[in-house]
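Enquirer: In this note's numbering, the protein residues as written are 19 to 603.
Glycine is no exception: its CB is placed at the ideal position from the N, C-alpha and C atoms.
This structure is a prediction, so every number in the text was calculated from the model and none was measured.
Just dropping this structure here.
Written out as structure tokens, the structure reads:
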């Protein structure tokens, strides 16, 4: 059964996974022919402190707040116009009059309003066209809620001059979302903002918070001009100005040397935006490709549900699911005792609800890129990405720690994808996909010990210590990535000065806790002798609880490719009681 009716909303701009900070082009008043490039928050960026990075799992995108583009030049031009006269109100010109157009927000025409009407028609035309096109994603929802709250519906265009109707927008002051809330104000009006969720990025909830705030401001000042000015500058600033100059008239207050020009521009810019938006063709804005509101279903999922799992269950790309749940700062729903309500594509509720129980998690390795900067060392880079030197050298086929400025390093991290099982199949433990080489990763969970992890993968704690340059068996931390090399019998590549004198990594798997050079060599020789005797035999193994394909492969010194070929296996999934060929002539 569906959790709720479908809502009318528009998608936010599609999100893509990228971990480097991209420079965005700030368009100025001299022209904005091309759309500004998005800003992607990266591990090296301090653009926004609330972002956490989780081994490539975070794909948050913050984009340039377009209404701020070219602000310095805009204010310079506005400042040349002259005073902000108290009695500057004029009637609307004929071009703005229409029997079909009505306003429920007070409309004034003066030099400042005319400046912004002209600005939108000329030097910022490309911006305004984009804002108009995006507006239809949200206007129906915003206006319906403004009307219900008893507020002017024309206040819906406040989001236009705040963010250009972009829920991923971030300002220089770190205000975020459609309504550009700073963290303190957002939290004051009920928005959740933490390392997991930022509801300023969720258009519905942010809109309801903005309506509450605007309602308070209007009650405080009794004037919509003062209320929207306070939305920009804060109620304290406007309140002190009203008291100081004994006025409740915005234009009179603006004529004094009290408000910043950035705050003063807020009211005429809003008025100009409303006038054009309600009669765009009369102002030369025709042929706009207005976007349709998104339609979606809601479904409750457990805490810490992976959005990749939901994407697989819905048959949609992960970007589509992230797009509908823009407030999530990770690819996981937040932890806690309660479920989380996710938005999924309209009409997909039954499909997602059914498929979520048929997903098999499959672990694989992905890579991000680190460009070596002057002064970078292997140790520092390993510390930055919480990797061992062994893992980093192995991933880049390096044999020593020498790095060159500009060198591009592959930074491996483990990620989980999901396969949809056939009817009747039951999900098992996390399966392993084909990896690049023989590298695996295990992310340490709370309470795990090195010995427990070693048992899980069928290796020794000593192996894990060597592979990850660990000096103390008791010192691992939650979130740490441990590299494992399980497929091939070759010793993983490590720096020459760190390489131990052992024959093979494979020989170490079953030699016990304390591996010595002599014991490894003797054991390897013994195994080689035994193997030669059994070359013509076919051996079988009966799968037990807890077995995995790779643990069985390791036990019998065969590759995953061999065991799959010999048993005609299409995946790593196993069922208890299955009889596997583990040796073949």
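How many angstroms separate the CA atom of residue 610 from the CA atom of residue 333?
Expert: As shown, the chain starts at 19 and ends at 603. That puts residue 610 outside it, with no answer to give.
Enquirer: When burial is assigned at 16 or more other CB atoms within 10 Å of the CB, is residue 9 buried or exposed?
Expert: Residue 9 lies beyond the residue range present for the chain, which begins at 19 and ends at 603; the question has no answer from this structure.
Enquirer: Using the Cα positions of residue 496 and residue 568, report the straight-line distance between them to the nearest angstrom.
Expert: Taking the straight line joining both Cα atoms gives about 25 Å.
Enquirer: For residue 170 and residue 156, I'd like the C-alpha separation in whole angstroms.
Expert: Between residue 170 and residue 156, the C-alpha separation is close to 16 Å.
Enquirer: What separation, rounded to the nearest whole angstrom, lies between the Cα atoms of residue 150 and residue 281?
Expert: Taking the straight line from one Cα to the other gives about 23 Å.
Enquirer: What distance in whole Å lies between the Cβ atoms of residue 260 and residue 277, which are believed to be in contact at a cut-off of 8 Å?
Expert: Contact doesn't hold; Cβ gap of about 11 Å is too wide.
Enquirer: What number of angstroms, rounded off, separates the C-alpha of residue 258 from the C-alpha of residue 203?
Expert: Cα to Cα, the separation comes out at about 19 Å.
Enquirer: So if DSSP puts residue 139 in a beta bridge, which residue, or which two residues, is it bridged to?
Expert: Answer is none; residue 139 lacks a bridge partner.
Enquirer: Suppose you measure from the CA of residue 465 to the CA of residue 295; what does that come to, to the nearest Å?
Expert: Rounded to the nearest angstrom, the two C-alpha atoms are 58 Å apart.
Enquirer: Which same chain residues, not among the five before or five after residue 600, have their C-beta less than 6 Å away from its C-beta?
Expert: 557, 559, 574.
Enquirer: Whole angstroms are fine: how far does the CA of residue 305 sit from the CA of residue 410?
Expert: Roughly 53 Å separates the two Cα atoms.
Enquirer: Taking its Cβ as the centre, do 16 or more other Cβ atoms sit within 10 Å of residue 94, making it buried, or is it exposed?
Expert: When all chains shown are included, residue 94 counts as exposed.
Enquirer: According to DSSP, simplified to helix, strand and coil, what is residue 269?
Expert: Residue 269: helix per DSSP, three-state reduction.
Enquirer: Give me the Cβ distance between residue 362 and residue 370, rounded to the nearest whole Å; I'm assuming they're in contact under 8 Å.
Expert: Sure, about 5 Å apart at Cβ, within 8 Å.
Enquirer: Find the nearest neighbour of residue 121 within the set 87, 380, 596, 289, judged by alpha-carbon distance.
Expert: Comparing Cα-Cα distances from residue 121 to each of 87, 380, 596, 289, the minimum goes to 289.
Enquirer: Answer yes or no: do residue 426 and residue 389 have a C-beta to C-beta separation smaller than 8 Å?
Expert: Contact flag set, yes.
Enquirer: Taking residue 385 as part of the alpha helix (DSSP H), name the residues at either end of that continuous run.
Expert: First-last for residue 385: 377 to 389, but that is the beta strand (DSSP E), not the alpha helix (DSSP H).
Enquirer: I'd like to confirm something about residue 366: is its beta-carbon nearer than 7 Å to some heavy atom of the ligand FMN, or not?
Expert: The ligand FMN is not among the ligands present in this structure, which contains no ligands whatsoever.
Enquirer: Using the three-state DSSP reduction, which class does residue 363 fall into: helix, strand or coil?
Expert: Looking at residue 363 - three-state DSSP - the assignment turns out to be strand.
Enquirer: Which of helix, strand or coil does DSSP assign to residue 336?
Expert: It is helical.
Enquirer: Could you tell me the alpha carbon to alpha carbon distance between residue 329 and residue 90, rounded to whole angstroms?
Expert: Cα to Cα, residue 329 sits roughly 43 Å from residue 90.
Enquirer: My assumption, with CB atoms under 8 Å, is that residue 491 sits in contact with residue 479. Please give the rounded CB distance.
Expert: Contact holds; Cβ gap of about 6 Å.
Enquirer: Report the three-state DSSP secondary structure of residue 575 (helix, strand or coil).
Expert: Correct three-state label for residue 575: coil.
Enquirer: Measuring straight from C-alpha to C-alpha, what distance separates residue 404 and residue 481?
Expert: Using only the alpha carbons, I get a separation of about 18 Å.
Enquirer: What's the call for residue 80, buried or exposed, on a 16-neighbour Cβ count within 10 Å?
Expert: Answer is buried; the Cβ neighbour count reaches 16.
Enquirer: Answer with yes or no whether the minimum CB distance from residue 435 to chain C is below 8 Å.
Expert: Included in the structure is just one protein chain, with no chain C present.
Enquirer: Between the C-alpha atoms of residue 343 and residue 398, what's the straight-line distance to the nearest angstrom?
Expert: Cα-Cα distance, rounded: 35 Å.
Enquirer: If you scan the segment 177 to 218 from start to end, which runs of the alpha helix (DSSP H) of 4 or more residues do you find wholly inside it?
Expert: As far as the segment 177 to 218 is concerned, its whole alpha helix (DSSP H) runs of at least 4 residues are 201 to 206.
Enquirer: Taking just the CA atoms, how far does residue 211 sit from residue 217?
Expert: Straight-line Cα distance between these residues: approximately 6 Å.
Enquirer: Which of the three DSSP states is assigned to residue 223 in this structure?
Expert: Correct three-state label for residue 223: helix.
Enquirer: Looking only at its own chain, which residues have a Cβ that is under 8 Å from the Cβ of residue 274, when we skip the five neighbours before and after it?
Expert: Closer than 8 Å at the Cβ level, and outside the excluded window around residue 274, lie 259, 263.
Enquirer: DSSP on residue 163, reduced to helix/strand/coil?
Expert: Looking at residue 163 - three-state DSSP - the assignment turns out to be helix.
Enquirer: Start and end of the alpha helix (DSSP H) containing residue 398?
Expert: Looking at the DSSP string, the run of the alpha helix (DSSP H) that includes residue 398 is 396 to 403.
Enquirer: Throw me the rounded Cβ distance for the residue 324 and residue 350 pair, which I believe falls under 8 Å.
Expert: With 8 Å as the limit, residue 324 and residue 350 qualify as a contact, their Cβ atoms being about 6 Å apart.
Enquirer: In the structure shown, what three-state DSSP assignment does residue 466 receive?
Expert: Correct three-state label for residue 466: coil.
Enquirer: Flag this pair as yes or no: are the beta carbons of residue 139 and residue 301 separated by less than 8 Å?
Expert: Cβ distance < 8 Å, so residue 139 and residue 301 count as in contact.
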